[in-house]
Structure formats: structure tokens, C-alpha cells
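So the structure is just underneath, and the comments pick up after that.
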Amino acid sequence: MKTLTAKQQTMLSFIEQFMTERHYPPTYEEIRVGLGLSTKSLVDYHLNALEAAGRIQRDPWTPRGLRVRTGNAFTDGTYSVPLLGHIGASLPATFYTDAAAEALILTRDMVPEQADLYALKVRGTSMIDAMVNDGDIVVMKKQAVAKDGDMVAVRLI
Numbered sequence: 009m010k011t012l013t014a015k016q017q018t019m020l021s022f023i024e025q026f027m028t029e030r031h032y033p034p035t036y037e038e039i040r041v042g043l044g045l046s047t048k049s050l051v052d053y054h055l056n057a058l059e060a061a062g063r064i065q066r067d068p069w070t071p072r073g074l075r076v077r078t079g080n081a082f083t084d085g086t087y088s089v090p091l092l093g094h095i096g097a098s099l100p101a102t103f104y105t106d107a108a109a110e111a112l113i114l115t116r117d118m119v120p121e122q123a124d125l126y127a128l129k130v131r132g133t134s135m136i137d138a139m140v141n142d143g144d145i146v147v148m149k150k151q152a153v154a155k156d157g158d159m160v161a162v163r164l165i
């Protein structure tokens with residue numbers, strides 16, 4: 009991860025402490041007052057830097073839509089997996105790469121956090137009997153061995 013400036017680290021620590029004490033993220037105004045900054049634009053400037061460094065994630069459409077990242081996980085009980093593209097569920101084809109185009113946020117109660125997880129969007133209808141439809145997003149685990157009854161996607165290299 010990118011190295012933070014002293015001011016960015018101070019802001020990140022303030023946000024983490026605020027969320028630990030109150031169980032919800034601070035507003036821009038609460039950050040401004042808590043850190044003694046003169047304007048909300050300074051808060052936004054430093055939050056942009058924290059987001060660019062991969063230390064926080066913001067949802068501009070959600071009040072208090074701020075989440076702190078620790079590794080792949082966020083402090084609110086969620087974590088991210090890379091959405092690598094599409095996978096064909098009809099003719100044999102691959103539509104994905106190892107480079108993540110975006111990330112999918114999951115909760116641990118939905119899918120337990122594990123190493124080597126990634127997501128693919130399904131194209132095609134050959135898996136509808138297994139309740140996997142065109143447009144669904146499937147979460148996959150990269151592994152070399154499958155057990156009888158496992159649903160697998162095989163990538164030939």
C-alpha cells in the first residue's frame with residue numbers, strides 16, 4: 009500500500025477511532041471539527057488521497073458512506089474480491105483476465121473470507137439447471153483440486 013503523509017495518517021487514525029467508539033463513520037463536518045481543519049474541502053482533499061492509497065472506500069450516494077480498509081477487508085465486516093470479467097456458460101470460452109476491472113464487496117455471512125477468491129459475471133444459459141443464470145455473478149476460489157459434486161469453472165492454459 010502507498011505510504012501516507014502525517015496528516016493522512018492522522019485523519020485515518022481519527023476515522024478508525026471514531027468508528028470504534030460510535031460504530032458508524034464520521035461526517036465531513038465531524039472530521040473537520042475533530043482535526044481542527046478550516047474547511048470541508050481540506051477534508052475532501054485528504055479523503056481523496058486516502059482513497060487513492062487504497063486505505064478507505066467512499067460511497068458518494070450514502071450518508072456516512074465511508075469504510076476503512078485493512079488488507080482486503082473493511083472495518084464494517086465486509087471484504088472485497090476482484091471482479092475479473094465474464095465467463096461463458098454455453099460454448100467453451102473465457103472472457104476474463106488476471107487483472108481486476110473492479111471489486112465486489114461481500115459480507116462474511118454470505119461468503120466466508122478465504123484466500124484466492126474472485127468473481128466472474130456469467131454469460132449464457134447452460135447452467136440454469138444449477139440456478140446460475142445469464143448475468144449472475146459467481147464467486148470462485150482458485151484451487152487445483154475439485155471434489156465430486158463441486159461446481160467448477162476450468163481455465164485451460
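The numbering of the sequence shown is my numbering, which starts it at 9 and goes up by one. Glycine included, C-beta positions come from ideal geometry on N, C-alpha and C.
Rounded to whole angstroms, the gap between the alpha carbons of Gly73 and Ile64 is 10 Å. Between Val89 and Ala111, the C-beta spacing is below 8 Å. With a contact defined as Cβ atoms closer than 8 Å, Val147 and Leu125 qualify at about 6 Å.
Per DSSP, the continuous alpha helix (DSSP H) segment holding Arg40 begins and ends at 36–43. In the DSSP assignment, Val147 is bridged to Ala127. Looking at the DSSP output, Val76 sits in a beta bridge with Ile64. Beta-bridge partners of Leu58 (DSSP): none assigned. The alpha carbon of Arg163 has as its nearest neighbour, out of Thr47, Gly96, Ala138, the alpha carbon of Gly96. Between Leu58 and Leu20, the C-beta spacing is below 8 Å. In the assembly as shown, Pro33 is a buried residue. Its beta-carbon has 16 or more other beta-carbons within 10 Å. Your pair Val76 and Ile23 checks out as a contact, with CB atoms roughly 6 Å apart and the cut at 8 Å.
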